[in-house]
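Novice:
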Amino acid sequence: MDLTKLTIAEARRALDAKEYSALDLTNAYLDVIRVKNPEIHAYLEVWEESARAEAKRADEMIAQGKQMPLTGIPIAMKDNILIEGRIASAASKILENYHASYDATVTKKLKVQGAVFLGRANMDEFAMGSSTENSAFGPSKNPIDLSRVPGGSSGGSSAAVAASMALAALGSDTGGSIRQPASFTGLVGLKPTYGAVSRFGLMAMGSSLDQIGPLTRTTEDAKILFDAIKGNDPQDSTSLPETGRSDLPSLEGQTFQRPKRIGVPRSFLAEGTDPDILKRFEGQIQKLAKQGYEIVDIEMSHVPYSLAVYYIVMPAEVSTNLERFDGIRYGLSVPAEGIKEVYSKTRGAGFGAEARRRILLGTFVLSSGYADAYYRKARAVRSLIRDDFMKAFEIVDAVATPTCPAPAFKFGSKSDPLAMYIEDIFSTPANLAGVPAISVPMGAVNRDGVDLPVGIQIIAPHRREDVLFAIGTDIERA
Ligand code: GLN
Numbered sequence: 021m022d023l024t025k026l027t028i029a030e031a032r033r034a035l036d037a038k039e040y041s042a043l044d045l046t047n048a049y050l051d052v053i054r055v056k057n058p059e060i061h062a063y064l065e066v067w068e069e070s071a072r073a074e075a076k077r078a079d080e081m082i083a084q085g086k087q088m089p090l091t092g093i094p095i096a097m098k099d100n101i102l103i104e105g106r107i108a109s110a111a112s113k114i115l116e117n118y119h120a121s122y123d124a125t126v127t128k129k130l131k132v133q134g135a136v137f138l139g140r141a142n143m144d145e146f147a148m149g150s151s152t153e154n155s156a157f158g159p160s161k162n163p164i165d166l167s168r169v170p171g172g173s174s175g176g177s178s179a180a181v182a183a184s185m186a187l188a189a190l191g192s193d194t195g196g197s198i199r200q201p202a203s204f205t206g207l208v209g210l211k212p213t214y215g216a217v218s219r220f221g222l223m224a225m226g227s228s229l230d231q232i233g234p235l236t237r238t239t240e241d242a243k244i245l246f247d248a249i250k251g252n253d254p255q256d257s258t259s260l261p262e263t264g265r266s267d268l269p270s271l272e273g274q275t276f277q278r279p280k281r282i283g284v285p286r287s288f289l290a291e292g293t294d295p296d297i298l299k300r301f302e303g304q305i306q307k308l309a310k311q312g313y314e315i316v317d318i319e320m321s322h323v324p325y326s327l328a329v330y331y332i333v334m335p336a337e338v339s340t341n342l343e344r345f346d347g348i349r350y351g352l353s354v355p356a357e358g359i360k361e362v363y364s365k366t367r368g369a370g371f372g373a374e375a376r377r378r379i380l381l382g383t384f385v386l387s388s389g390y391a392d393a394y395y396r397k398a399r400a401v402r403s404l405i406r407d408d409f410m411k412a413f414e415i416v417d418a419v420a421t422p423t424c425p426a427p428a429f430k431f432g433s434k435s436d437p438l439a440m441y442i443e444d445i446f447s448t449p450a451n452l453a454g455v456p457a458i459s460v461p462m463g464a465v466n467r468d469g470v471d472l473p474v475g476i477q478i479i480a481p482h483r484r485e486d487v488l489f490a491i492g493t494d495i496e497r498a
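In this note's numbering, each residue carries its 1-based index in the sequence shown increased by 20.
(1) Using the three-state DSSP reduction, which class does residue 341 fall into: helix, strand or coil?
(2) So, with DSSP's three-state summary, where would you put residue 395?
(3) Suppose the cutoff is 8 Å on Cβ atoms and the five residues either side in sequence are ignored; what does the same chain contact list for residue 123 look like?
(4) Classify residue 320: buried if its beta carbon has 16 or more other beta carbons within 10 angstroms, exposed otherwise.
(5) Rounded to the nearest angstrom, what separates residue 21 and residue 462 at their Cα positions?
(6) Give me the Cα-Cα distance between residue 63 and residue 226, rounded to the nearest whole angstrom.
(7) At a cut-off of 7 Å, would you count residue 443 as near the ligand GLN, judging by its Cβ distance to the nearest heavy atom?
(8) Spell out the partners DSSP gives residue 477 in its beta bridges.
(9) I want to know whether the stretch 380-389 touches the stretch 302-314 - three or more CB-CB distances under 8 Å.
(10) Rounded C-beta distance between residue 143 and residue 121? I'm assuming under 8 Å.
(11) Does at least one heavy atom of the ligand GLN sit under 7 Å from the Cβ of residue 320?
(12) Quick one: Cα of residue 35 to Cα of residue 190, how far?
(13) Please report the straight-line C-alpha distance between residue 72 and residue 93, rounded to a whole angstrom.
(14) Who are the Cβ neighbours of residue 89 in its own chain at under 8 Å, not counting the five residues just before and after it?
(15) Check for me: the alpha helix (DSSP H) holding residue 302 runs from which residue to which?
(16) Look at the alpha carbon of residue 266 and the alpha carbon of residue 484, and state the distance between them as a whole number of angstroms.
(17) Is residue 46 helix, strand or coil by DSSP?
(18) What do you get for residue 334, buried or exposed, if any count of 16 or more other CB atoms within 10 angstroms of its CB means buried?
(19) Could you tell me whether any non-hydrogen atom of the ligand GLN is closer than 7 Å to the CB of residue 148?
(20) Nearest-angstrom Cα distance between residue 369 and residue 114?
(21) Taking Cβ positions, are residue 464 and residue 478 nearer each other than 8 Å?
(22) Using a Cβ-Cβ cut-off of 6 Å (strictly less than) and excluding sequence neighbours within five positions of residue 140, which residues of its own chain qualify?
(23) At which residue ranges does the stretch 134-212 contain complete beta strand (DSSP E) runs of 3 or more residues, listed in the order of the chain?
(24) For the ligand GLN, any of its heavy atoms closer than 7 Å to the Cβ of residue 334?
(25) Less than 7 Å separating the Cβ of residue 317 from some heavy atom of the ligand GLN?
(26) Compute the beta-carbon to beta-carbon distance between residue 329 and residue 401, rounded to the nearest angstrom, for a pair I have assumed lies under 8 Å.
(27) Please report the residue range of the beta strand (DSSP E) in which residue 314 lies.
(28) Cα-Cα, which of 86, 446, 498, 160 is closest to residue 58?
(29) Check the C-beta distance from residue 449 over to residue 316 and give it rounded, since I have them as a contact under 8 Å.
(30) Roughly how many whole angstroms lie between the Cα atoms of residue 51 and residue 45?
(31) Mapping DSSP to helix, strand and coil, what is residue 380?
(32) Chain D beta carbons: is any one of them nearer than 8 Å to that of residue 38?
(33) With respect to 7 Å, is the separation between the Cβ of residue 225 and the closest non-hydrogen atom of the ligand GLN below this value?
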């Protein structure tokens with residue numbers, strides 16, 4: 021029996037039935053990692069010893085009947101999520117030797133459950149990118165076609181799960197970094213509602229956009245992992261309250277209403293999308309119709325501006341968030357004459373080209389002469405994008421788009437930054453609106469004789485991950 025092809029749900033059942041131990045399961049993954057990681061480079065660091073110790077502890081929990089949904093489940097952590105005592109580099113030279121001094125809230129929650137941490141997964145530096153080519157430590161490869169990227173920025177996470185080097189992984193999604201790599205590697209990727217999962221201990225990229233979420237083999241697994249990490253956290257000021265506010269929808273105690281209507285913003289999809297992807301998408305929509313969903317054409321007139329808005333709001337927040345890496349407080353410090361020199365030398369040596377580009381762009385759009393023309397304008401359009409979703413959700417239960425305009429691309433093929441940014445066309449609207457979105461595999465498109473997986477994206481109203489899980493499960497069933 022191949023222990024590395026399981027889902028979380030299957031592994032849970034077998035672990036509880038004592039068909040094999042958590043240590044067996046972890047060892048199976050460590051074996052694959054040893055063989056495949058040198059080529060695929062999903063992990064920047066593998067924690068063999070501590071993973072085995074955690075697996076043994078998980079076995080004790082199971083023996084005592086104290087297991088939880090993730091007890092003994094081996095997972096990969098994106099390198100921008102803190103684990104106390106471990107290096108967390110965000111795939112940047114500036115944090116190459118930085119050891120986290122505390123656990124992220126999601127880390128704490130996983131530790132309580134007795135999950136097994138296999139290692140830290142590669143990513144684009146500070147989560148900026150769509151391919152892992154911006155990692156300071158070299159890219160990860162797509163296990164389905166090694167000449168292609170695994171997506172990004174959570175590309176190490178997606179490559180790890182797709183190559184059976186982890187049962188599941190955590191990623192972060194600021195503008196698509198969980199969903200796009202999931203789409204490129206045939207996985208399910210969930211970006212939760214803004215504030216549903218604590219960002220305490222996640223290295224901030226775009227603070228008004230970031231969310232941590234799961235990359236898994238199935239929708240059911242995405243739900244299991246999401247349930248384990250969600251919840252209010254007083255240490256994150258943007259964390260959503262659990263209950264008790266009548267002005268916020270709460271699912272507690274509410275009977276679940278099956279989603280019935282799916283909106284498709286067709287005019288938004290047509291432009292620039294690979295025809296094979298559009299065909300797959302329409303095929304998938306037809307299947308959903310056959311399953312009983314009503315498919316509704318919707319107009320979202322401001323959503324097409326999402327990419328432009330994102331590439332103003334996000335760099336503005338990046339430039340602010342990365343200010344702290346100054347050679348004094350964290351990580352790398354290049355000795356120089358005087359404090360200003362330390363700043364500039366450290367940041368010049370520590371940040372890669374994309375990080376520097378976004379810091380410059382962000383500083384520009386926030387500068388006094390241009391903030392009105394760019395940053396404030398973008399914020400205004402952002403609220404119109406949010407309104408588009410609010411209006412759509414008066415008519416439909418969810419919105420569907422392809423996750424990405426094209427399948428996984430070859431290394432080096434998007435050296436023009438704008439070509440890379442266009443990748444995010446369908447994923448950024450959900451981050452700007454703060455609503456949850458999931459990517460679920462919808463088959464493959466063939467390129468050079470290889471079947472490359474592609475995903476369909478489902479977007480739901482604020483706090484309605486339940487809608488995503490219901491539709492995701494139906495997509496898998498079809
Ligand atoms: N690809 C997008 C970017 O480069 C998204 C990144 C992310 O979600 N972290 O900004």
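All C-beta atoms, glycine included, are put in the ideal place defined by N, C-alpha and C.
It should be emphasised that the depicted structure is a prediction, and the values quoted were computed from it without experimental measurement.
Specialist: In terms of the structure at hand:
(1) Taking the sequence shown and counting its residues from 1, one reaches residue 341 at position 321. If DSSP states are grouped into helix, strand and coil, residue 341 belongs with the helices.
(2) Sequence index remark: in the sequence shown, residue 395 carries index 375 (1-based). Residue state, collapsed to three classes: helix.
(3) The sequence position of residue 123 within the sequence shown is 103, counting from 1. The residues are 102, 103, 104, 131, 221.
(4) Reading the sequence shown from its first residue, position 300 is the one you call residue 320. Counting Cβ neighbours within 10 Å, residue 320 comes out buried, since at least 16 surround it.
(5) Residue mapping note: residue 21 aligns to position 1 of the sequence shown, counting from 1. Residue mapping note: residue 462 aligns to position 442 of the sequence shown, counting from 1. Between residue 21 and residue 462, the C-alpha separation is close to 27 Å.
(6) Along the sequence shown, one-based indexing puts residue 63 at 43. Along the sequence shown, one-based indexing puts residue 226 at 206. Taking the straight line from one Cα to the other gives about 24 Å.
(7) Walking along the sequence shown from the start, residue 443 turns up at place 423. True, at least one ligand heavy atom lies under 7 Å from that Cβ.
(8) Indexing the sequence shown from 1 puts residue 477 at position 457. The partner list for residue 477 (beta bridge, DSSP) reads 421, 459.
(9) no
(10) Within the sequence shown, residue 143 is the residue found at index 123, counting from 1. Within the sequence shown, residue 121 is the residue found at index 101, counting from 1. Their Cβ separation, rounded to whole angstroms, is 21 Å, which puts residue 143 and residue 121 out of contact at 8 Å.
(11) On the sequence shown, position 300 is the one that residue 320 refers to. Not under cutoff, so the answer is no.
(12) Stepping through the sequence shown from its first residue, residue 35 is reached at position 15. Stepping through the sequence shown from its first residue, residue 190 is reached at position 170. When rounded, the distance between both Cα atoms is 22 Å.
(13) The residue you call residue 72 lines up with position 52 of the sequence shown. The residue you call residue 93 lines up with position 73 of the sequence shown. Using only the alpha carbons, I get a separation of about 12 Å.
(14) As a working mapping, residue 89 is identified with position 69 in the sequence shown. So the list reads 28, 32, 133, 244, 247, 248, once near-sequence residues are dropped.
(15) Position 282 of the sequence shown, counting from 1, holds the residue named residue 302. Residue 302 -> alpha helix (DSSP H) spans 295-310.
(16) Against the sequence shown, residue 266 aligns to sequence position 246. Against the sequence shown, residue 484 aligns to sequence position 464. A caution first: residue 266 carries a pLDDT of 49, below 50, which makes its placement in the model unreliable, though a value can still be read off. If I take the Cα positions, the gap works out to 16 Å.
(17) For the purposes of this step, residue 46 is identified with residue 26 of the sequence shown, where counting begins at 1. Here residue 46 sits in helix by DSSP.
(18) One-based indexing of the sequence shown puts residue 334 at position 314. Buried: at least 16 other Cβ atoms inside 10 Å.
(19) One-based indexing of the sequence shown puts residue 148 at position 128. Yes, since a heavy atom of the ligand GLN falls inside the 7 Å radius drawn around the Cβ of residue 148.
(20) Taking the first residue of the sequence shown as 1, we reach residue 369 at position 349. Taking the first residue of the sequence shown as 1, we reach residue 114 at position 94. Computed Cα separation, rounded: 8 Å.
(21) Along the sequence shown, read from residue 1 onward, the residue named residue 464 stands at position 444. Along the sequence shown, read from residue 1 onward, the residue named residue 478 stands at position 458. Not in contact: residue 464 and residue 478 (Cβ atoms no closer than 8 Å).
(22) Looking up residue 140 in the sequence shown gives position 120. Result list for residue 140: 64, 65, 97, 99, in chain order.
(23) 136-141, 188-193, 208-211
(24) Taking the first residue of the sequence shown as position 1, residue 334 is located at position 314. For the ligand GLN, at least one heavy atom lies less than 7 Å from the Cβ of residue 334.
(25) For the purposes of this step, residue 317 is identified with residue 297 of the sequence shown, where counting begins at 1. No, Cβ of residue 317 sits at least 7 Å from all heavy atoms of the ligand GLN.
(26) Locating residue 329 in the sequence shown gives position 309, where the first residue counts as 1. Locating residue 401 in the sequence shown gives position 381, where the first residue counts as 1. Sure, about 5 Å apart at Cβ, within 8 Å.
(27) Residue numbering aside, residue 314 sits at position 294 when the sequence shown is read from its first letter. It spans 314-317 - the beta strand (DSSP E) in which residue 314 sits, taken as one unbroken run.
(28) Looking up residue 58 in the sequence shown gives position 38. Measuring from the Cα of residue 58, the nearest candidate turns out to be 160.
(29) Residue numbering aside, residue 449 sits at position 429 when the sequence shown is read from its first letter. Residue numbering aside, residue 316 sits at position 296 when the sequence shown is read from its first letter. Their Cβ separation, rounded to whole angstroms, is 17 Å, which puts residue 449 and residue 316 out of contact at 8 Å.
(30) Here residue 51 refers to the residue found at position 31 when the sequence shown is read from its first residue. Here residue 45 refers to the residue found at position 25 when the sequence shown is read from its first residue. Cα to Cα, residue 51 sits roughly 10 Å from residue 45.
(31) Stepping through the sequence shown from its first residue, residue 380 is reached at position 360. Three-state result, residue 380: helix.
(32) Of the chains in the structure shown, none is chain D; there is only one protein chain.
(33) Locating residue 225 in the sequence shown gives position 205, where the first residue counts as 1. Yes.
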